[in-house]
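First residue of the sequence shown: 1, per the UniProt record's numbering; consecutive thereafter. Quick reminder that beta carbons are idealized off the backbone N, C-alpha and C, glycines included. Below is one structure, written out as structure tokens, with a few remarks after it.
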Amino acid sequence: MTIAAAVEVLGDGPVDWGIQLALPMAAEIIRQVPEHGGGAAPFDTLRRATESSVLAALSGIRRDVMATSDSIPAEALEGNREFVRRSIPLDRVLRGVRLGHAALHRALMEVIGDDPDEARRVGELLFAYVDVHSSTLADDYTAELDRWAGSTAAQRRRMVEDIVAGRSVEAEPAGRILGYDVRSRHTALILSATDPRVASQQVLLRYAAELAYESCSLIVPVAESAVWIWLAGTPNRNSQAPAGVRVACGPPTSGVDGFRRSHMGARAAERIAASSTGSAAWCDHADIHVAALCTADPEQAQWFVQETLGALAADDDRTAELRLTLRSYLAAGRSLRAAADDLHIARNTVTYRVKQAEELLGRPLATARLEIQLALEIAHWLPSGRQVRHQPPLESTYFRPSD
1 MTIAAAVEVL GDGPVDWGIQ LALPMAAEII RQVPEHGGGA APFDTLRRAT ESSVLAALSG
61 IRRDVMATSD SIPAEALEGN REFVRRSIPL DRVLRGVRLG HAALHRALME VIGDDPDEAR
121 RVGELLFAYV DVHSSTLADD YTAELDRWAG STAAQRRRMV EDIVAGRSVE AEPAGRILGY
181 DVRSRHTALI LSATDPRVAS QQVLLRYAAE LAYESCSLIV PVAESAVWIW LAGTPNRNSQ
241 APAGVRVACG PPTSGVDGFR RSHMGARAAE RIAASSTGSA AWCDHADIHV AALCTADPEQ
301 AQWFVQETLG ALAADDDRTA ELRLTLRSYL AAGRSLRAAA DDLHIARNTV TYRVKQAEEL
361 LGRPLATARL EIQLALEIAH WLPSGRQVRH QPPLESTYFR PSD
């Protein structure tokens, strides 16, 4: 269900509430059903399916009508078909549906409060919706599985997933299935649509072909918003990324193990790029490998930053400027001139900012220098301010039928 269509039925406030509820809901589904995870693109697929389903359910409640198979939004069906291609078992797909339903029911009951008649009405409509939702997705899943299972694309996808999962694979049979020599020296890339409104899968595939240029390549669409690539060579960096497209690049490595290693490096670069506030179209593993290693557990990484930097970890523009200057200064071997050149500021400005940063640290830079540098690197790539907004409050009357 499109946001515009939902706004016509619900209004801006309830739609905003539903959208903000869907984001942590998708994260919780992945936590409890890890098969839904695997990077930014799988999360986006699940988020869009969850968001559209929440809005469709709320619209049905507002109109006071029982759900039918036509009530299931296109985004949910598209996500369901992607789950088939990713070999997520049907029971795990339906487990995600039940988790989402439970979360929406809890949230609505909090809004309704002490109104037993309204709670009963909403509960009946919501349970009817999830029943139709589950049965429709199950039928659609079976039909898509029949279409997909015997296809060449399915065989290639399964082989890629076997290699990426670290399963034992022989090079020659793998090469025949993939049409690509997995014994080569590879560079893996992940193309992601940061704005699906302007970067469709066709845009990603065209750009993938441009990046491959004259290299032997393997191009695998994995979602509407993501494409995996392996090049037996180097990517054509003269090709500018289209609007709304991000490129994550892994390290060049060789053989079947290298096929997996380069892809995992690209996946780490994608994770860092998706978490960062930066807007660069390219993210190379070589540039972020330390940050990727240090942030494999994001919560522990944030704690480390807070404990190591203290007041220098504050989430404001001025403190961020001090962290950036100190990071450059330490990376340059404590050279004021090199840091000034790197940041395009005066040498005296570097001196002043480093002194201020040291005061916020509350200890000399010479103590725990490695820890300080690592904390600055983590803070640079994973700013603490990237948090989900709190949901706006709703009145219990928002989802009642209009007169």
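Runs of alpha helix (DSSP H) with 4 or more residues, each lying fully within the segment 264–344, are found at 285–294, 298–309, 317–331, 336–343, listed in chain order. Between T234 and T187, the C-beta gap is smaller than 8 angstroms, which places the two residues in contact. Fewer than three pairs of CB atoms, one per stretch, sit closer than 8 angstroms, so the segment 195–212 makes no contact with the segment 155–162. Exposure of T367 is indicated by the presence of fewer than 16 other C-beta atoms within 10 angstroms of its C-beta. Between I30 and the set I88, D64, G18, the nearest pair of CA atoms involves I88. Rounded to whole angstroms, the separation of the alpha carbons of A313 and L23 is 26 angstroms. In the structure shown, the three-state DSSP call for A208 is helix. Boundaries of the beta strand (DSSP E) around I219: 217–223. Pairing V350 with T325 gives a Cβ-Cβ distance under 8 angstroms.
A check of alpha carbon separations from T142 across V93, I112, S184, A128 identifies V93 as the nearest. A residue is called buried once 16 or more other Cβ atoms fall within 10 Å of its Cβ, and G333, having fewer, is exposed. Secondary structure of I229 (DSSP, three-state): strand. A107 and S134 have their C-alpha atoms spaced approximately 20 angstroms apart. Ranking V111, S335, E224, S275 by CA distance to the CA of A292 puts S275 first. Nearest neighbour of E35 by Cα position, chosen from E124, V84, A4, turns out to be V84.
Close CB contacts of R95 within its chain, under the 6 angstroms cut and outside five residues either way in sequence, are with V33 (chain order). Under the three-pair Cβ rule at 8 angstroms, the segment 71–79 counts as touching the segment 120–135.
When secondary structure is reduced to three states using DSSP, A368 falls in the coil class, being assigned neither helix nor strand. Classified as exposed, D12 has fewer than 16 neighbouring CB atoms from the shown chains inside 10 Å of its CB.
If you look at L189, you'll find it in the beta strand (DSSP E) that goes 185–193. When rounded, the separation of the alpha-carbon atoms in D16 and S69 is 25 angstroms. In the DSSP annotation of this structure, the continuous segment of the alpha helix (DSSP H) that includes V160 starts and ends at 152–164. Contact between T308 and L382 fails: their C-beta atoms lie close to 14 angstroms from each other, not under 8 angstroms. In this structure G18 is in contact with L55, their Cβ atoms being roughly 5 angstroms apart against a cut-off of 8 angstroms. Non-local beta-carbon contacts of A346 in its own chain, meaning distances under 8 angstroms to residues more than five positions away in sequence, involve A340 in chain order. If you draw a straight line from the Cα of A375 to the Cα of L126, it comes to about 46 angstroms.
Boundaries of the beta strand (DSSP E) harbouring R246: 245–249, taken from the DSSP string. Within the model, the alpha-carbon separation for L90 versus L137 is close to 9 angstroms. Counting only runs of 4 or more residues that sit fully inside the segment 59–120, the alpha helix (DSSP H) segments are 74–85, 90–112, in chain order.
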